[in-house]
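Remarks on the structure that follows.
2 protein chains.
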Amino acid sequence: GSELLAHERSKSSVNVDQLSTFLFTSEGLARKRRVLKVLENEKVFDKSQNYFAGRVDRFETALARAKRLRQLAVRNGWSNDDRLIANELISEPGPYGLHESMFLITLRDQGNAEQHEKFLKPAEQYKYIGCYAQTELGHGSNVRGLETTATWNKEDQTFTIHSPYLTASKWWIGSLGRTANHAVVMAQLIIGGKSYGPHPFVVQIRDLNTHETLENIHVGDIGPKFGYNTMDNGYLLFNQVKVPHISMLARFSRVDPKTNQYVRPASASLIYGTLTWVRSTIVMQAGGVLARGVTIATRYCAVRRQFQDRDAQEGQKSENQVINYTTVQIRLLPLLATTFALHFTGKAMMEMYGANQKKMSQDVGKVGGPERGAGPEETHSGSDLLADLHATSCGLKSLASYTAVEGLEMCRRACGGHGYSSFSGIGPWYADYLPTATWEGDNYMLTQQVARYLLKSARSVLKGNEPTNDTTFILTNFLSRQDTGAAFDVLGNDADIVAAFAWRSAFLTFEALKHRDEQKRPWNSLLVDFYRLSRAHSQYMVVKNFYETLQASPSATGLDAETLAIMHKLFRLYSLHTLESEASEFYTSSAVTVRQIQLCRTNAVMRLLEEIRPHAVRLVDAWSFPDWQLDSSLGRYDGKVYEDMFYRASELNPLNKVVVDPYPDSKVLFKKNEAAALKSKL
Amino acid sequence: GSELLAHERSKSSVNVDQLSTFLFTSEGLARKRRVLKVLENEKVFDKSQNYFAGRVDRFETALARAKRLRQLAVRNGWSNDDRLIANELISEPGPYGLHESMFLITLRDQGNAEQHEKFLKPAEQYKYIGCYAQTELGHGSNVRGLETTATWNKEDQTFTIHSPYLTASKWWIGSLGRTANHAVVMAQLIIGGKSYGPHPFVVQIRDLNTHETLENIHVGDIGPKFGYNTMDNGYLLFNQVKVPHISMLARFSRVDPKTNQYVRPASASLIYGTLTWVRSTIVMQAGGVLARGVTIATRYCAVRRQFQDRDAQEGQKSENQVINYTTVQIRLLPLLATTFALHFTGKAMMEMYGANQKKMSQDVGKVGGPERGAGPEETHSGSDLLADLHATSCGLKSLASYTAVEGLEMCRRACGGHGYSSFSGIGPWYADYLPTATWEGDNYMLTQQVARYLLKSARSVLKGNEPTNDTTFILTNFLSRQDTGAAFDVLGNDADIVAAFAWRSAFLTFEALKHRDEQKRPWNSLLVDFYRLSRAHSQYMVVKNFYETLQASPSATGLDAETLAIMHKLFRLYSLHTLESEASEFYTSSAVTVRQIQLCRTNAVMRLLEEIRPHAVRLVDAWSFPDWQLDSSLGRYDGKVYEDMFYRASELNPLNKVVVDPYPDSKVLFKKNEAAALKSKL
Ligand SMILES: Cc1cc2nc3c(=O)[nH]c(=O)nc-3n(C[C@H](O)[C@H](O)[C@H](O)COP(=O)(O)OP(=O)(O)OC[C@H]3O[C@@H](n4cnc5c(N)ncnc54)[C@H](O)[C@@H]3O)c2cc1C
Ligand SMILES: Cc1cc2nc3c(=O)[nH]c(=O)nc-3n(C[C@H](O)[C@H](O)[C@H](O)COP(=O)(O)OP(=O)(O)OC[C@H]3O[C@@H](n4cnc5c(N)ncnc54)[C@H](O)[C@@H]3O)c2cc1C
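So the protein lines, in turn, are chains D and U. With the numbering used here applied, the first sequence covers 6 to 687. With the numbering used here applied, the second sequence covers 6 to 687.
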């Protein structure tokens with residue numbers, strides 16, 4: 006294995022360091038090295054027994070790790086970025102997960118000064134440990150349908166939190182099952198018999214000393230899952246639990262205790278802000294998530310040899326590396342290109358988010374009070390940046406997480422039988438990542454938001470409004486050229502590839518608009534079209550971002566000519582492979598001809614595979630995953646695949662400390678069981 | 006939940022009993038009921054704690070189950086079919102899995118009379134417990150590349166079995182890790198320094214009394230996997246282990262101990278027979294495998310309500326069942342159609358297998374000795390049924406297992422968040438089924454076999470030979486009509502749908518032939534085309550089988566007119582949805598026009614979804630899975646989804662018997678741990 010990878014690395018001139026630096030910056034890389042050094046030396050983070058234990062034991066280990074990580078963060082004075090890198094390196098969801106994300110964020114964003122003092126401060130000190138309890142057994146996507154109630158009692162100025170039905174039970178709530186002693190609970194606010202929709206309440210659920218559940222609260226872990234088993238996702242029921250007025254997070258809306266009146270939020274913008282930020286983060290991470298699988302599969306497929314090439318000459322009698330088979334290449338290399346495409350898109354998404362935050366804070370003061378900004382429905386100062394941002398984050402979250410999920414499984418299968426072993430490192434990672442396709446907006450449902458935005462933009466363009474952003478620009482351009490037709494040279498010109506993707510997206514937008522506005526088709530009958538539309542538009546954005554990233558000046562990218570040339574090929578591979586996979590929308594919209602698709606499929610893509618193949622190993626090296634993070638026999642940097650598989654199976658496997666009685670008529674199952682002894686030895 | 010499902014069932018006139026009987030025969034259904042009654046009453050098969058335990062404990066339970074099942078089979082005089090149904094109901098791979106399949110089959114098919122007496126008999130009595138050890142750490146797909154050697158020692162008429170490298174270690178061998186005391190070992194036969202390729206040897210590996218490993222053998226479990234963790238897949242290394250002459254299974258080829266000469270097999274046909282049979286079984290089962298997921302998701306999506314319909318009238322204010330959303334329908338209903346399509350194809354595949362077996366036994370005696378029949382390369386008596394069977398089983402195995410795998414995951418995701426819970430019953434089932442895409446021929450690699458067969462058939466047709474089977478018939482038909490063109494009325498005529506699929510397959514065949522024979526392109530550069538070709542041809546076969554099944558006389562199907570009409574709609578849904586998903590190959594081949602595809606996508610398929618929707622629940626009922634088998638909260642027949650989720654989480658979940666200390670600075674992890682107590686209570 007080692008020689009094969011060494012040889013692969015010697016064949017390519019891709020500059021790994023330059024490319025890594027371009028992806029992560031040198032500070033980012035240094036940070037990773039620094040944090041890794043700390044973690045590697047802590048026995049509690051040893052990964053070698055991760056897959057053997059039962060649920061209770063795995064959770065116990067995860068709790069120990071979470072605690073230790075917090076101690077290390079304090080002791081080493083880690084920044085938030087340091088902590089995030091540490092989590093990435095450990096790669097295991099843990100019991101503080103939701104405390105450290107949604108609980109703290111919600112307290113910070115939605116609490117007022119008094120509440121920051123009362124809740125946020127002890128939470129930041131881990132005296133309060135919390136979770137974010139929105140989803141219920143009966144309602145997830147439909148937040149307005151939540152059944153938990155918070156009824157205002159004007160007599161004693163309290164709220165009564167109550168779960169009127171079994172389906173009102175909070176469910177899936179991370180860190181709640183066993184760990185949290187507080188929860189942010191989303192509940193229907195009821196004042197004087199009238200409902201004002203879901204609002205956030207901070208509720209203590211367990212005793213701070215005994216950690217036993219408080220009275221009239223029923224809480225627990227929801228049980229085993231496809232992955233995420235080191236996290237205690239929980240359920241929570243309230244039987245008329247009273248909480249004081251301060252429990253309702255009051256930065257945006259509140260109940261005035263003097264008048265018993267509901268005070269409306271000035272704007273929903275900042276609330277949308279959090280959701281957009283969470284989705285943008287998912288987009289940002291998707292490239293790296295997928296890159297783990299691609300790194301493992303690429304290295305393994307360069308080490309794995311199987312069969313001789315059918316057309317091989319007499320001389321080359323050794324077995325072929327499986328990465329040389331075109332059916333392996335067609336699975337792995339477009340995914341390799343996708344990792345970069347997603348990474349650059351994630352960066353652009355984050356920049357867009359930042360620009361919007363800046364814009365909103367500039368707008369503050371101009372219109373309304375200090376918290377006022379542009380909501381997705383009520384846009385002002387002539388800009389619809391926020392609506393754009395909202396739709397972009399929805400569409401890209403859906404596409405990016407879908408792509409990463411599908412791609413990881415594709416990588417696992419490309420490894421043949423050994424991909425199925427947990428030691429491949431792909432399966433467990435996939436299983437833990439999978440819910441990303443469902444949470445923060447189910448990937449199918451989010452596409453309705455994108456379609457709604459595109460329809461609105463198209464209506465505005467049809468009215469003759471000047472384009473104000475990229476979306477309205479491509480729609481306007483489509484309209485003006487619709488009758489002269491498109492003739493994009495997708496095989497010869499990179500800018501034309503981007504234009505063809507824009508064309509298809511605009512075409513589908515106007516088709517959908519026709520169905521809805523002219524033919525008055527019901528919304529529900531168009532959901533499938535909307536899904537396709539959102540996918541098409543999001544793919545356009547990815548292609549565009551990849552293209553623009555490579556247009557930056559050489560000094561901005563810091564890449565030498567050879568490395569940049571390979572990146573251009575990866576751009577073409579991602580784009581043309583996507584184009585031919587989605588071929589039918591491209592013809593139907595007349596963006597390309599049937600002949601172009603055929604040439605793309607049989608010539609262009611196949612040639613790109615051949616051209617990129619020699620650089621595959623160095624390209625994945627640029628993602629710079631330490632072995633400790635990958636925890637994979639197949640993906641080892643040094644290629645010692647078989648040695649590592651064998652060592653893990655024979656030396657670290659507790660099942661081998663058991664001797665069975667194999668005969669059906671004997672009641673004895675294990676004649677000998679020294680599995681526990683191995684565990685304590687390690 | 007209950008009322009919703011009752012309402013669903015009352016709305017549809019699909020005759021569930023008729024359809025079940027058509028699928029499984031009344032004997033099949035009775036058998037299932039009878040076996041279920043036995044299993045349900047055995048505490049050891051209780052499934053409620055399946056997902057909590059660690060690997061060692063899960064394996065122990067699986068061993069207890071395997072033993073008990075064998076006892077029950079003996080006590081109740083179960084037939085092989087009874088045993089298979091029992092395994093299906095239990096739905097968990099177990100430590101006797103490979104003993105009861107490949108070990109016994111290989112001894113039976115490849116052993117001679119003396120070997121049957123010596124090995125098969127004790128194996129059938131579970132005195133010998135065995136496995137099938139072919140794959141090695143370094144070689145799986147490429148069987149000729151195996152490195153384990155079996156060297157003939159003429160001095161003492163023994164073989165020396167040896168593993169010369171680490172990569173020669175047997176790997177992945179089911180039932181080997183802890184359970185088996187014997188193995189059929191595939192090893193390179195070497196006589197007088199010359200290698201004769203891989204042959205099967207029966208080798209004892211553990212002591213029959215102590216079950217300790219025999220000398221010079223290194224054996225163990227390979228460790229945790231993505232699924233299949235109740236099975237002890239193992240590794241095995243030999244250090245110069247001597248076995249007697251009788252150990253080499255000698256029905257086909259053998260070493261003559263007098264002359265020390267290798268005796269060649271008369272024909273490879275029966276060996277191919279076993280592989281074909283195993284693949285055919287996979288095809289046969291794929292419909293049912295997928296139907297489990299479809300049953301669960303369909304029932305749950307009929308119970309789950311979320312949001313009001315956007316265009317709903319004032320009156321209908323209750324929330325919409327999610328199965329009413331077209332983005333849910335487009336995922337589930339084509340899969341529902343697919344379950345039937347695969348089931349009928351599996352039946353046809355099995356009939357084809359049976360016909361071939363019959364033909365081969367007729368041929369016996371005509372040509373050569375008693376074991377002689379037509380091998381896939383050397384066809385005779387004018388028939389290429391065996392070659393056809395081989396290619397068909399390869400193509401369909403690849404397509405069917407791929408479809409089932411992808412479909413199960415699609416079903417899981419359609420269930421939103423709750424699909425991720427193990428209590429959905431889909432995830433664990435999916436994880437255990439997954440290796441079917443890899444074993445018995447990796448799904449990508451098998452497609453080369455199909456392409457090779459189609460190219461051969463096309464060459465024969467081009468030479469002007471008369472068509473001898475369906476494949477050569479459709480190729481001939483294509484050639485004759487190629488210049489007049491096709492005009493298939495896929496939206497109006499069912500037979501034309503089948504013809505369009507045939508056309509596309511024939512078109513791709515001749516394209517591939519042109520690349521290979523005219524343009525002399527390297528084999529490796531065509532693998533991606535071959536993959537597409539195999540997929541296209543296999544989809545044609547599925548469409549054709551579905552169509553033909555419904556053409557049978559009403560008395561043969563036993564279905565009333567209404568039920569049959571729905572089945573026709575399912576046929577169209579499967580076919581047209583496949584057609585539009587693979588649209589580009591259909592235009593490129595001119596089998597259909599762009600306009601037809603558009604109409605198919607936006608009209609025909611959407612209308613079929615609407616028409617089939619009311620029957621969805623009854624259609625899945627016809628698959629007649631008992632709740633005990635599904636073991637799913639979401640898929641319960643009575644729709645009590647939430648009650649069951651809650652019960653399992655709160656009452657059966659050992660993690661809830663633990664009280665943690667949540668603070669990072671405290672060394673205590675669990676303040677209280679009564680998890681073990683719950684287990685013993687249950
Ligand atoms: C591992 C994990 C951790 C989680 N952690 C948390 C947490 O910490 N806190 C928290 O509050 N929640 C959490 N959740 C819950 C998560 O946010 C929800 O599961 C998610 O929002 C999906 O909602 P749902 O389950 O209600 O899906 P559903 O809405 O029930 O979806 C079911 C199906 O219906 C479809 N559907 C529903 N409505 C429509 C519509 N209008 N149009 C078309 N199709 C529709 C969906 O596409 C899907 O196929 C977690 C979930 C998981 C899996
Ligand atoms: C759960 C499980 C149970 C098993 N049980 C048994 C058992 O009981 N007994 C036993 O003997 N074996 C068993 N196996 C092994 C199984 O049969 C092999 O894993 C399988 O045949 C795949 O072979 P491989 O792992 O060598 O894949 P590889 O051949 O290494 O495949 C790796 C990649 O290379 C590609 N590739 C390889 N060769 C070519 C080519 N010529 N052209 C194009 N692409 C190529 C493949 O498509 C794949 O993407 C089991 C495997 C699993 C996962």
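Each residue gets a CB set at the ideal place from its N, CA and C atoms; glycine is no exception. Note that this is a predicted model, so its numbers are computed, not measured.
Counting only C-beta atoms, is residue 69 of chain D closer than 8 Å to chain U at any point? Within the first sequence, numbered from 1, the residue matching residue 69 of chain D stands at position 64. Closer than 8 Å to some Cβ of chain U, the Cβ of residue 69 of chain D qualifies, so yes.
Answer with yes or no whether the minimum CB distance from residue 187 of chain D to chain U is below 8 Å. Position 182 of the first sequence, counted from the start, is the residue given in the question as residue 187 of chain D. At a cut-off of 8 Å between beta carbons, residue 187 of chain D makes no contact with chain U.
Could you tell me whether any Cβ in chain D is nearer than 8 Å to the Cβ of residue 134 of chain U? Here residue 134 of chain U refers to the residue found at position 129 of the second sequence. Taking 8 Å as the threshold, the shortest C-beta distance from residue 134 of chain U to chain D falls below it.
Do residue 664 of chain D and residue 684 of chain D have their C-beta atoms within less than 8 Å of each other? What you label residue 664 of chain D is simply residue 659 of the first sequence in a count that begins at 1. What you label residue 684 of chain D is simply residue 679 of the first sequence in a count that begins at 1. Cβ distance not < 8 Å, so residue 664 of chain D and residue 684 of chain D don't count as in contact.
Per DSSP, what kind of secondary structure is residue 187 of chain D in: helix, strand or coil? The sequence position of residue 187 of chain D within the first sequence is 182, counting from 1. In this structure, DSSP gives residue 187 of chain D an extended state, which the three-state scheme calls strand.
For chain D, check one thing: does any of its Cβ atoms lie closer than 8 Å to the Cβ of residue 617 of chain U? Position 612 of the second sequence, counted from the first residue, corresponds to residue 617 of chain U. No, because no Cβ of chain D sits closer than 8 Å to the Cβ of residue 617 of chain U.
Considering only the alpha carbon of each residue, which of D/285, D/403, D/310 lies closest to residue 352 of chain D? One-based indexing of the first sequence puts residue 352 of chain D at position 347. Comparing Cα-Cα distances from residue 352 of chain D to each of D/285, D/403, D/310, the minimum goes to D/285.
Could you check what DSSP says for residue 298 of chain D in three-state terms: helix, strand or coil? In the first sequence, residue 298 of chain D corresponds to position 293, counting from 1. It is helical.
Collapsed DSSP secondary structure at residue 66 of chain D in the structure displayed: As a working mapping, residue 66 of chain D is identified with position 61 in the first sequence. For residue 66 of chain D, the secondary structure class from DSSP, reduced to helix, strand or coil, is helix.
Starting from the C-beta of residue 679 of chain D, find all residues in its chain whose C-beta is less than 7 Å away, skip the five residues before and the five after it, and write them out in chain order. For the purposes of this step, residue 679 of chain D is taken as residue 674 along the first sequence, with counting starting at 1. Answer for residue 679 of chain D: 662, listed in chain order.
Would you decide whether residue 476 of chain D is buried or exposed? Buried here means 16 or more other CB atoms lie within 10 Å of its CB. One-based indexing of the first sequence puts residue 476 of chain D at position 471. That one is buried.
What does residue 23 of chain D reach in chain U if we use C-beta pairs closer than 8 Å? Position 18 of the first sequence, counted from the start, is the residue given in the question as residue 23 of chain D. Among the residues of chain U, none has a CB under 8 Å from the CB of residue 23 of chain D; the nearest is roughly 32 Å distant.
Does the beta-carbon of residue 332 of chain U, which I'm using as the reference point, lie nearer than 7 Å to any heavy atom of ligand 1? Along the second sequence, one-based indexing puts residue 332 of chain U at 327. Because some heavy atom of ligand 1 lies under 7 Å away, the Cβ of residue 332 of chain U counts as near it: yes.
Using a Cβ cut-off of 8 Å (strictly closer), state whether residue 574 of chain D contacts chain U. The residue given as residue 574 of chain D occupies position 569 in the first sequence. Against chain U, the CB of residue 574 of chain D has no partner CB under 8 Å away; the residue lies outside that interface.
Contact set between residue 59 of chain D and chain U, taken where Cβ atoms lie within less than 7 Å: Translated into the one-based positions of the first sequence, residue 59 of chain D becomes position 54. Those are 57, 58, 59, 62, listed as they occur along chain U.
Taking DSSP as the reference, what is the three-state secondary structure of residue 162 of chain D? By 1-based counting over the first sequence, the position of residue 162 of chain D is 157. Residue state, collapsed to three classes: coil.
Alpha carbons only, please: which of U/548, U/653, U/15, U/190 is nearest the one belonging to residue 141 of chain U? What you label residue 141 of chain U is simply residue 136 of the second sequence in a count that begins at 1. Residue U/190 is the option with its Cα nearest to residue 141 of chain U.
Quick one: what's got a C-beta closer than 7 Å to residue 649 of chain U's C-beta in the same chain, skipping five residues either side? Position 644 of the second sequence holds residue 649 of chain U. So the list reads 638, 641, once near-sequence residues are dropped.
Could you give the residue range of the alpha helix (DSSP H) that holds residue 613 of chain U? In the second sequence, the residue the question calls residue 613 of chain U occupies position 608. That run of the alpha helix (DSSP H) goes 610–617.
Can at least three beta-carbon pairs, one atom from the stretch 495–515 of chain U and one from the stretch 542–561 of chain U, be found at a separation below 8 Å? In short, these stretches touch, since the Cβ pair count reaches three.
Mind checking if residue 331 of chain U is an interface residue toward chain D, Cβ cutoff 8 Å exclusive? As a position in the second sequence, residue 331 of chain U is number 326, starting the count at 1. Yes, its Cβ sits closer than 8 Å to a Cβ of chain D.
Within a Cβ cutoff of 8 Å, which residues of the same chain sit near residue 767 of chain D, ignoring the five residues on either side of it in sequence? What the structure shows of chain D is the stretch from 6 to 687, and residue 767 of chain D is not part of that stretch, so it cannot be assessed.
Does any C-beta atom of chain B lie closer than 8 Å to the C-beta of residue 432 of chain U? Protein chains D and U are contained in the structure displayed, whereas chain B is not.
Continuous beta strand (DSSP E) stretch holding residue 223 of chain D: start and end: Here residue 223 of chain D is taken as the residue at index 218 of the first sequence, counted from 1. Element bounds for residue 223 of chain D: 222–226.
Beta-carbon spacing of residue 2 of chain D, residue 481 of chain D below 8 Å: The requested residue 2 of chain D does not occur in the structure, where chain D is confined to residues 6 to 687.
In whole angstroms, what is the alpha-carbon distance linking residue 583 of chain U and residue 569 of chain U? Stepping through the second sequence from its first residue, residue 583 of chain U is reached at position 578. Stepping through the second sequence from its first residue, residue 569 of chain U is reached at position 564. Approximately 21 Å between the Cα atoms of the pair.
Same chain, Cβ closer than 8 Å to residue 564 of chain U, five either side skipped, listed in chain order: Here the question's residue 564 of chain U lines up with position 559 in the second sequence. Contacts found: 20, 23, 24, 27, 572.
Report the three-state DSSP secondary structure of residue 193 of chain D (helix, strand or coil). As a first step, residue 193 of chain D must be located in the first sequence, where it is residue number 188. Looking at residue 193 of chain D - three-state DSSP - the assignment turns out to be strand.
For ligand 2, is there a heavy atom less than 7 Å away from the beta-carbon of residue 146 of chain U? Residue mapping note: residue 146 of chain U aligns to position 141 of the second sequence, counting from 1. Yes, Cβ of residue 146 of chain U sits closer than 7 Å to a heavy atom of ligand 2.
With a CB to CB cut of under 6 Å and the five nearest residues on each side skipped, what residues in its chain are close to residue 689 of chain D? Nothing about residue 689 of chain D can be read from this structure; chain D reaches only from 6 to 687.
What whole-angstrom Cβ distance do residue 219 of chain U and residue 209 of chain U have, given they're in contact under 8 Å? As a working mapping, residue 219 of chain U is identified with position 214 in the second sequence. As a working mapping, residue 209 of chain U is identified with position 204 in the second sequence. Beta-carbon to beta-carbon, residue 219 of chain U and residue 209 of chain U are separated by about 7 Å, close enough to satisfy the 8 Å threshold.
Cβ shell of residue 133 of chain D (< 7 Å), same chain only, five flanking positions each side left out: As a working note, residue 133 of chain D is residue 128 in the first sequence. Correct list, in chain order: 124, 127, 186, 187.
CA-CA distance, residue 42 of chain U and residue 67 of chain U? As a working note, residue 42 of chain U is residue 37 in the second sequence. As a working note, residue 67 of chain U is residue 62 in the second sequence. CA-CA distance, residue 42 of chain U to residue 67 of chain U, rounds to 20 Å.
Residues of chain D with CB closer than 7 Å to the CB of residue 603 of chain U, please, in chain order. For the purposes of this step, residue 603 of chain U is taken as residue 598 along the second sequence, with counting starting at 1. The contacting residues are 593.
Need the endpoints of the beta strand (DSSP E) that residue 176 of chain U sits in, please. For this step, residue 176 of chain U is matched to residue 171 along the second sequence. Run containing residue 176 of chain U: 175–178, per the beta strand (DSSP E) assignment.
Chain-ordered residues of the stretch 661–673 of chain U with a beta carbon less than 9 Å from chain D: Within the stretch 661–673 of chain U, 661, 662, 663, 664, 665, 666, 667, 668, 669, 670, 671, 672 place their CB atoms closer than 9 Å to a CB of chain D, listed in sequence order.
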